[in-house]
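Numbering (my numbering), first residue to last: 74 to 233. Here a beta-carbon is modelled for each residue, glycine too, at the ideal position from N, C-alpha and C. Predicted model only: the values in this text are computed from it and were never measured.
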Amino acid sequence: MSEKIVKGFLVSKTDTKGKITYCNDAFVEISGFCMSELVGKPHSIVRHSDMPRAVFAYLWENIAKGCEVNVYVKNLAKNGDFYWVFANVTPSFDTSGKIIGYYSVRREPNRQGVQRVSELYTKMLQAESSGGIKAGAQVFGEFFKNLCYEDFVMHLQVGE
Ligand SMILES: Cc1cc2nc3c(=O)[nH]c(=O)nc-3n(C[C@H](O)[C@H](O)[C@H](O)COP(=O)(O)O)c2cc1C
């Protein structure tokens, strides 16, 4: 299966459960699905099996409490191809401050960043295959003991 390179910005919106409510043409095109196959479906429709579960647990834990998250994600296209993204995910609030959905804008990641992050994700996946999500979260937690994931990915993204 071959790797696709992201051009421009891939945008999607979800409800509070992660069901897709909107995606832009660039997201539709790279996914290989048509718009009607995406809207109304769980966002995990583009989930790649190389992604550790603990990364998504980290994502949901933070966005559900109202925080913004920046994360490297490997996604799966309909035909089995894959593409890496640097994704910014934010909650959307109503006027009373209640979360009414989520919003994500993704772009082509720094290639050295992809290299570093895939090494970490491979270790997490190995841990998860025997010890489940807890073991993956432990590898993640240990890696980021003296460093926060956000700082790590932001530095990688700007090539530091
Ligand atoms: C706004 C938003 C965008 C998301 N984008 C992606 C994405 O591009 N790829 C992905 O695999 N998961 C994405 N997710 C996470 C999925 O909701 C889901 O947690 C993940 O695919 C793991 O699937 P699972 O929870 O069924 O194991 C997104 C979630 C939100 C709220």
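Excluding the 5 residues flanking it on each side, Asn152 has same chain C-beta neighbours closer than 7 Å at Gly105, in chain order. Rounded to whole angstroms, the separation of the alpha carbons of Trp133 and Lys80 is 26 Å. For Phe216, same chain residues with a beta-carbon under 7 Å away, outside a window of 5 residues either side, are Leu193 in chain order. Ranked by how close their Cα comes to the Cα of Leu198, the residues Ser109, Pro125, Asn219 have Pro125 in first place. Under DSSP, Gly174 forms a beta bridge with Ser165. Approximately 13 Å separates the beta-carbon atoms of Tyr145 and Phe213; this is outside 8 Å, ruling out the contact. With the criterion CB distance below 7 Å from any heavy atom of ligand 1, the matching residues run Ser85, Lys86, Thr87, Gly91, Pro115, His116, Ser117, Val119, Arg120, His121, Met124, Arg126, Phe129, Leu132, Trp133, Ile136, Val146, Asn148, Val158, Ala160, Val162, Tyr175, Tyr176, Ser177, Arg179 along the chain. When DSSP states are grouped into helix, strand and coil, Thr195 belongs to the helix group. Counting only runs of 4+ residues, the alpha helix (DSSP H) found wholly inside the stretch 90 to 140 occupies 98 to 104, 108 to 111, 126 to 137, in chain order.
Counting along the chain, the unbroken alpha helix (DSSP H) around Val226 starts and ends at 222 to 230.
Distance check between Phe159 and each of Lys147, Lys77, Ser109 places Lys147 closest, using alpha-carbon atoms only.
Contact annotation: the stretch 99 to 113 touches the stretch 80 to 90, with at least three C-beta pairs closer than 8 Å.
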